[in-house]
Amino acid sequence: MHFNLGNSLRYCGRSLQAIEFYQQSLEIAREIGDRQGEAACLGNLGIAYYALGQHQRALDFQQQSLEIDREIGDRHGEAISLFNKGNDLARVGQKWEAQAAYKAARSLYKDLGLQKEVEQCDTAIRELGQKVVVIPKQAPAIGGEPSKKRSRRRRPKWFGF
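Mapping of the sequence shown onto this note's numbering: residues 198 to 358, in sequence order.
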């Protein structure tokens with residue numbers, strides 16, 4: 198019950214209140230030994246803290262969720278945790294780490310036969326790749342002339358084309 202209320206509040210943009218309900222759900226999950234529920238609560242806490250701008254805390258919760266999913270052998274939960282971690286890493290500029298998380302999530306989703314989720318990972322990787330290879334224009338030095346030399350970068354092999 199607390200978990201669902203937390204989700205509803207988070208979807209309405211009330212992350213602080215959602216965190217209270219996720220914390221209550223987390224305590225209950227731990228009391229009754231529900232490791233899968235514990236991992237889900239930790240993952241949702243990560244999402245809520247990210248919405249509040251507490252990025253490192255969000256990543257810490259996603260990592261805890263991932264560790265529990267792996268410990269209990271919940272491959273679907275592991276894929277969800279990896280995807281969420283990838284989202285957080287991408288948003289804080291850790292593109293290569295995000296790519297690794299997305300690829301690991303994609304592999305698990307593919308093994309589980311979850312095509313829609315595989316496609317979501319493909320989209321995330323593709324969008325991430327576009328952000329990685331964007332090269333800002335070089336500004337001329339103060340009082341200097343713009344450089345005639347152009348920088349050429351090759352796309353990484355994983356980029357796809």
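The beta-carbon is built from N, C-alpha and C at its ideal position, and this holds for glycine as well.
Query: If we ignore side chains and look at the alpha-carbon of each, how far apart do Ala-302 and Leu-249 end up?; Result: 25 Å
Query: Which of helix, strand or coil does DSSP assign to Asp-308?; Result: helix
Query: Expressed to the nearest angstrom, what Euclidean distance is found between the alpha-carbon atoms of Gln-259 and Gly-243?; Result: 6 Å
Query: CA-CA distance, His-252 and Ala-298?; Result: 16 Å
Query: Report the option in Ser-278, Ala-295, Glu-314, Gln-214 whose CA atom is closest to the CA atom of Leu-239.; Result: Ser-278
Query: Can you name the start and end residues of the alpha helix (DSSP H) that Tyr-240 belongs to?; Result: Checking the displayed sequence, the identity of residue 240 turns out to be Gly instead of Tyr. Here the alpha helix (DSSP H) through Gly-240 covers 232-248.
Query: Using 8 Å as the Cβ pair cut-off and three pairs as the minimum, do the region 303-322 and the region 273-292 touch?; Result: yes
Query: Output the distance between the C-alpha atoms of Ala-255 and Gln-317, rounded to the nearest integer angstrom.; Result: 21 Å
Query: Return the chain-ordered list of same chain residues with a C-beta closer than 8 Å to the C-beta of Arg-227, the five sequence neighbours on each side being excluded.; Result: Glu-235
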